[in-house]
Structure formats: structure tokens, C-alpha cells
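Asks: Same order as they appear, the protein sequences are chains A and B. Quick note on the working numbering: the first sequence kicks off at 1 and runs consecutively. Quick note on the working numbering: the second sequence kicks off at 1 and runs consecutively. Pasting in a structure now, in C-alpha cells, and then I'll have a few things to ask.
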Amino acid sequence: MDPIYLDHNAGAPLRPEALRALSAAHAQVFGNASSAHSFGAEARAALSRARRQVATLAGVAPETIVFTSGATESNNTVLRQVADGGHVVVSATEHPSLLEAVAALRARGGRVTQVPVARDGRVDAARFADALEPGTALACVQAANHETGVLQPIAELARVAAARGVPFHTDAAQAFGKTPLALESLPIDYASLSAHKLGGPKGVGALYVRAGAALAPLLLGGTQERGRRAGTESVPAIAGFGAACEAARSELAESSPRLTRLRDSLWAGISAAISDVVRHGGPEHVLPHVLDVSFPGASGEALVEALDLEGIAVSTGSACHSGSTEPSAVLLAMGVPEALARAALRFSLGPSNDPAQIDHVLARLPDVVARVRRARAA
Amino acid sequence: MSARWLVAMSGGVDSSVAAALLARAGHEVVGVTMDLGHGTRDDAPAATGKRCCGLPDADDARDVARALGIRHYTANYRERFREAVIEPFVAEYAAGRTPIPCVACNRVLKFDLLLRRAEALGACGVATGHYARIAPTADGAPGLFRPRDLAKDQTYFLFDVPRDALHRIAFPLGELDKGEVRALARELGLATAEKPESQGICFVPDGDVRGALARLRPESPRVPGPIATRDGKQLGEHSGAAGFTPGQRHGLGLSGGPWYVAEVRTAENTLVVARAEEMYASEVPIRGTSWQDGAPPEAPVRAAVRYRHRTVSARVRPEADGRATLCFDEPVWAPAPGQAAVVYDDADQRVLGGGWIAGAG
């Protein structure tokens, strides 16, 4: 059997529609979108089309979409440009690109209040409200968690923030294209979006900026993106992003229940065949394609390698640049004991996965877990 | 028969060739680089030419693995390395001893943690680029022997690897000399073929033990103290006793030399020095012994009290609580508490075990 890829939260394969759009733009659209001539106009047209596609999936107006190099840039931009020097409220399980931007903000003299999550990974609205102060510059709560897939009650939290006059940002990199987001219908001011998590190219993403919300550009040197992000646009990457959004949107109604069924059958098989397993953040309020499970007594790092040798690609959920792993900060923030956090695996499914692959995983996983447990491997 | 082997790949030429040899023999090789938490790009000393087994070299190991067409993983052993190797190293120096951390790294990380990782990955064992050999002994079970290239012999660092682990360990370089290893690396086109030799302790850049101690134990600053002879005559002052080692001559700043460090008394922050002729010992007490055959050898043996020092004929006089005394036929120079005393058979080929030189508390 071909290798089975169950790590879509780290990076999803490029959708065929995205590849076509990306290749076509690379081959044909070389003009600079800022140029006055027809070549420039062609590039502008490609950008407009992609902007509409991204905006439609996000449920917002096209002019509110600012293309960036990815969700990391979007997160850094908001933190730096909206909140610098002020008071920021963030949830404890945000992505490192946000938490580290917050730490840098604190180092520059800003104040930060971290709102804890409950054992189910969710932010409690009352505790969130308590953290807001008059004059709080920004509140950030992710839409869905990168490791556990836990969905935060962002509609409720955004309303709480709006009632207090606090700008609200959500990192929607993982949720975008996986669950319906109607950003404009909520009092959300900023949202970070990523292309490659939903089958678009890597190196491109977007920042949603609500009409009327302030945003001074982080990158200076041009009037691209209505003066909100300087730098010549990567038209091919953006075209691929747009095509991926359209493809994701057209299949969302079908893929969401399909992935839920696959994920649930994976969990049912695991919990039936393997003793003492602990699921994190499920089964409600979770993205349809994510399953985060600890196998107490088995090192997650060893499990990832043992499964890789079986042709099954999963993740511990946290990877540093070297490929070696630390216990998941997300799970620790959820109150999971360190030993259990070190025994966690994240399965994140995608369009290419089918029931036969899940059956194959379930046929191999019990032996692998038993072997890793027996070896008391660290 | 082809089997899956886990190869500990440091990113150096030796472990690269070890992996290549096993792969060439038809085995399924899985390379693993240990992330020991030091030598990351952030704190690596800039281009000193010294290479260590830390993280930047994981990239080299990954490149070699890719060239060989084998899998490669990184194992996060930072915490275990700190507990099992770095903290004891610091504590030993603080107690006036001269530790040899590579022995614990071999026993605890390579031949316990990695062996367990190998089992978890369905591999039959761990192979490394050590220069040593494993071969059957008279009783049929495997024993640990010196390699063909005696100039690179690393058996000193392996004396306390349990014998019952040897059947799951392979040293593919045991029959090769270093020149052949480099030639093989070139022949195979390995990126690491011309890498400089790694030397000394991987977390002590440039062999600067006192600098490393200052970094690892910032809460204990160096305090000047006396340098004195055994009969109490003060000859000078040192800038902190920890980090000196018996037999050391440099760094004392004494006139009328040569003087040698004979004893490091950290409790009194005193360095005791002596003349060369006073530095010999015929009986060396050892503790924490470990014996390949389960019991101390009764027959005459050869023993070394230092890495790369020649062995001397001796007998092992067993004592209680894992202690023993090595009785040498001729006196040995400056046995340093904390160093390993490694015992070989009378033919000076097979490792029989050894222990830690006792003294200084």
C-alpha cells in the first residue's frame, strides 16, 4: 500500500485545481500587478479573481482581504501593528507564531493577559470577559487549534469583546476551509488565513481586515494591497490560493461529514483495540478531520517514527526545527500531565484519505503501540 | 540475513560510514541523531573547527542518510542527557573529581535509550561508529574487544555497557582503520568524508573544562584558594579548584617546577601539588564496578587508568559494595578520581569491565 498521509494540519497536498491555477499563472501571468500596461492588468485580474475566491470562502467582502506570505505573517502583523505597547488578551493554546509575537510584544513593554483553557481545550467566555480591560488593545483567540482541532467559541467571544469595545482577532489558519466561517457576520476585526492548510500553495495566506478596522502596514515600500502590505504580489501563489479556496468551498458540505465519519471510525477502532487511550479535545467542538490521542506508556516521538516505518505519516503535534519533539504546549495548557502529553499523536485527515486507509492504519496501529510500550522507549 | 538496524548518526564520518556499511550489506538502516540540547545554532561556538555531536551536525547526518537512501530521525534526549551526563559531570568536578561523561552517555543514551528506541522501531539493535569489536568469547556469548585500529580504540568508554546488551549492538568499524574509513566515505561520496575529527567532550567546546563549568554552574563562581604541597607548604594561589585534574601541570603558575596537581580538595578549595616522582600509585581503589562476566576477574589482568594510556599488568582485589582495588605490578601515573579504570584480559584484547577511580570523597 502507498504511504498514508495523516498529517494535513502540518501541510496538505496541493489540490489539482490549485496546481492548475498556479501553473497557468506561472506560465502566462508574469506582469507586475502594479504596472499600467496590459500585462499588469492581467496580473491584477488574476489577483481580483483570487481575492473573490478567498473572500467567498471566508464569508467576507473581497476588499477586506490582504494577501500575505501566510498566517505567520498575518499573526505577526496584527500583533505588531494593532497591539504594540498596549494590553493584549490571548488564549493559552494559540499557535507559536502568535504566542511568540506576544512574547516579543511583552519584551517591548506591552502587557499580556493569557486566558486559560479548560480540560476540553476551550476558552471560557466569562474568564475571557474578566481578562478584558478598558482600553485593551487587542484580544486574540484562534478559531481552531492546530494540534487538537478544538473549535473555540469565537462568535461568542467576539461579541463579548465588541461589547467592551476591544478589537478581536482570530487565527483561523486551521479552521479556514474545514468548517464554515462567516467572518463578516461576526464582530471579528482581524482574521489570519493560510493557503497550504487547505490544499493551496505554501508561502501565501491572507489577513482579513474588517472594513473600518485600523491597520498600518508592517511591510513598507509600496501601495500594494491598498497600502496595507507592500511588496510585489506573488500572483501564481495567490491564484493557487484562490483556486484552492473555491475547490474547498465546493466540497465543504460533502467533505465535512465524510471526514467526520472517517475520523470517528479511526477513533472507534483505536479505542476498541488499544487499552488506556485518552482522546484530547473531542468529540464535540472539534474540527471534523482531527483526532488527538495519547497512548500512555508509549513515547509519541517513537510512535511517529515506528508508524513512519510502516508507511503511516502522523505527528506528535509539536515539532521544532530539528524534528525532535518537546511535549505539546497545547496539551500542557489544557492540564494534561506531561507524561501523557509526551505520549500524544495527532491524526489529521484530508481529502485523499479513504476508509481502506483507515482500516490499514487500524490493522497496524495496535501492534506498533504494543511494541513501543513494551520497549518502554523514550 | 537482512535486518533492520538503528544507527546512531552523530553527523561525523565514523557513524556515517557505519551506516553506509550496514546499508551496503543489505540491511534496512534507520539513522537516528540524538538531540542533546547543546550545540544548537544559537550557542554553537563560531567556526572553531571543533565539531561536536550536537544539533548542527544533525543536518549532516540527514544529508548522509538521504545520500544512502535510508530513513533518518532525531531523538530528543535533551532532558535525559542533562540528568544522566551533564549534571553528574558538574557534580563530579564540584567534588574534586575528573569525570568522563562519555561513559555514561554510552551506557545510558546509546546502549539503553537508543536500544529501547530500536526495539520500538522493530530494529534488531543499535549500531554506532565506535572503534571496538564484538565477538564470541570462549563461552559462546559475545564479548567486547579492542578494534583493529588501536590508535582509535574506544573500548575505554564502553567498559560498563552490560554484556547482555552486546548481542543487540554492532560496531561496523571494528575491523577497519581510520584511513580505510575515510577512504570509504570518499568512495561513497559522503558529505562528511572530510569532516574534522571530533575530539574531547561534545559539550565542552575546545576542551575548556573550566569555561564549561562556569557556564553550566553559574551559581558557583570560581573562588581563589591556596596551592600547597602535601605537607602544607603554600606555593601559590589558584583561581578556583574545580576543573583541575591530577597529573595536570599547566595553569598552576608556580615557580621552581615542574609541579603537578596531586589532589583537588574542593571542600577546602585547595590544590595539592607534588613532584613527578610522587605521582605514582601501585594500588588504585575503584568503585561502582561492573564486570562483563558478572564477577571480578581472578586471573591476572591488564588495566588502564586513563583513556589512551597503556595498560599495566594488575590483579583485581574485590571488596564489598561494588568496590575493588587494582593492584598494579608497576606503579601507574596520576590516577584521577572520577576517571574510569578499565580492565582487560591478560592478552590485552577483551574488556572485562572496570570501575571508577575512588578518592576525594
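Glycine is no exception: its CB is placed at the ideal position from the N, C-alpha and C atoms. Computed from a predicted model, the values in this text were never measured in an experiment.
May I ask you to list, following chain order, the residues of the segment 101–131 of chain B that have a beta carbon less than 7 Å from some beta carbon of chain A?
Replies: Leu113, Arg116, Arg117, Glu119, Ala120, Leu121 and Gly122
Asks: List the endpoints of the continuous alpha helix (DSSP H) containing A/Ser74.
Replies: Here the alpha helix (DSSP H) through A/Ser74 covers Ala71 to Ala83.
Asks: Sorted by chain position, which residues of the same chain lie with C-beta nearer than 6 Å to B/Ala212's C-beta, five sequence neighbours on each side aside?
Replies: Val204
Asks: Tell me whether B/Ala58 sits in a helix, a strand or coil according to DSSP, three-state version.
Replies: helix
Asks: Report the rounded CA-to-CA distance for B/Leu181 versus B/Cys124, giving the unit in angstroms.
Replies: In the sequence as displayed, the identity of residue 181 of chain B is Val instead of Leu. Going by the C-alpha atoms only, they are around 24 Å apart.
Asks: So, using beta-carbon positions, are B/Val227 and B/Val273 closer together than 7 Å?
Replies: Here residue 227 of chain B is Ile; the residue named in the question, Val, does not match the sequence. Against a cut-off of 7 Å, the Cβ pair of B/Val273 and B/Ile227 comes out as a contact.
Asks: Counting only runs that start and end within the segment 265–312 of chain B, where is the beta strand (DSSP E) found for 3 or more residues in a row?
Replies: 270–274, 280–291 and 301–304
Asks: Do B/Val32 and B/Trp5 have their C-beta atoms within less than 7 Å of each other?
Replies: no
Asks: Is the Cβ of B/Tyr73 closer than 7 Å to any Cβ of chain A?
Replies: yes
Asks: Determine whether the Cβ of A/Glu133 lies closer than 7 Å to any Cβ atom of chain B.
Replies: False, the Cβ-Cβ gap to chain B never drops below 7 Å.
Asks: Quick one: which residues of the segment 19–30 of chain B get their C-beta closer than 8 Å to a C-beta of chain A? List them in chain order.
Replies: Val30
Asks: Within 7 Å (strictly less), CB to CB, does B/Asn269 reach chain A?
Replies: So, not an interface residue.
Asks: With distances taken from CA atoms, which of B/Phe145, B/Ser255, B/Lys110 and B/Gly200 is nearest B/Arg80?
Replies: Across the set B/Phe145, B/Ser255, B/Lys110 and B/Gly200, the C-alpha of B/Lys110 shows the shortest separation from the C-alpha of B/Arg80.
Asks: Per DSSP, what kind of secondary structure is A/Tyr245 in: helix, strand or coil?
Replies: Sequence inspection shows Cys at residue 245 of chain A; the Tyr mentioned does not correspond to that position. Looking at A/Cys245 - three-state DSSP - the assignment turns out to be helix.
Asks: For the segment 355–378 of chain A, which residues have a beta carbon sitting closer than 8 Å to at least one beta carbon of chain B?
Replies: Arg371, Val372, Arg374, Ala375, Arg376, Ala377 and Ala378
Asks: Pick helix, strand or coil for A/Phe176, following the three-state DSSP scheme.
Replies: strand
Asks: Less than 7 Å separating the beta-carbons of B/Pro246 and B/Ala262?
Replies: yes
Asks: Output the residue ranges of the beta strand (DSSP E) runs that lie fully inside the segment 224–250 of chain B and measure 3 residues or longer, sorted by chain position.
Replies: 225–229 and 234–238
Asks: If you measure beta-carbon to beta-carbon, which residues of the segment 295–312 of chain A are closer than 9 Å to chain B?
Replies: Ala298, Ser299, Glu301, Ala302, Leu303, Val304, Glu305, Ala306, Asp308, Leu309 and Glu310
Asks: Less than 7 Å between C-beta atoms, sequence neighbours within five positions excluded: which residues of the same chain meet that for A/Val372?
Replies: Here the set comprises Ala298, Ser299, Ala302, Leu303 and Ala306.
Asks: What does the Cβ neighbour count give for A/Gln174, buried or exposed, with the cut at 16 atoms within 10 Å?
Replies: Around the beta carbon of A/Gln174, 16 or more other beta carbons lie within 10 angstroms, which makes this residue buried.
Asks: What number of angstroms, rounded off, separates the C-alpha of A/Gln28 from the C-alpha of A/His169?
Replies: The straight-line gap from Cα to Cα measures roughly 36 Å.
Asks: Count the other C-beta atoms from every protein chain shown that fall within 10 angstroms of the C-beta of B/Ala46, then say buried if there are 16 or more, exposed otherwise.
Replies: Since pLDDT at B/Ala46 reaches only 34, below the 50 mark, its modelled position is unreliable, and no value is offered.
Asks: If the criterion is Cβ atoms closer than 7 Å, does the pair A/Val286 and A/Val90 meet it?
Replies: Not closer than 7 Å, so no.
Asks: Using a C-beta cutoff of 7 Å, does A/Ser322 count as contacting chain B?
Replies: Reliability fails at A/Ser322, whose pLDDT of 49 lies under 50, so the model's placement of it is uncertain and no value is given.
Asks: Since A/Ala125 contacts A/Ala143 with CB under 8 Å, what's their CB separation in whole angstroms?
Replies: Incorrect: roughly 15 Å between the Cβ atoms, too far for contact.
Asks: Just verifying my parser: in three-state terms, what is the DSSP assignment at B/Ser15?
Replies: helix
Asks: Leaving out the 5 sequence neighbours to the left and right, which residues in its chain are closer than 7 Å to A/Val117 when beta-carbon positions are compared?
Replies: Closer than 7 Å at the Cβ level, and outside the excluded window around A/Val117, lie Ser91, Ala92, Thr93, Val123, Ala333 and Met334.
Asks: Give me whichever residues DSSP pairs with B/Arg4 in a beta bridge.
Replies: B/Glu28
Asks: Relative to the C-alpha of B/Lys178, which residue among B/Arg78, B/Gln154 and B/Arg97 is closest?
Replies: B/Gln154
Asks: Can you confirm whether the segment 187–195 of chain B touches the segment 149–163 of chain B when touching is taken to mean that 3 or more C-beta pairs between the two stretches lie within less than 8 Å?
Replies: no
Asks: Does the segment 345–354 of chain A come close enough to the segment 36–44 of chain A that 3 or more CB-CB pairs lie under 8 Å?
Replies: no
Asks: When the Cα of A/Asp2 is compared with those of A/Glu310, A/Val330, A/Glu326 and A/Ala343, which residue comes out closest?
Replies: A/Glu310
Asks: Identify whether A/Arg376 lies in helix, strand or coil by the three-state DSSP scheme.
Replies: Under the three-state reduction of DSSP output, A/Arg376 falls in the coil class, being neither helix nor strand.
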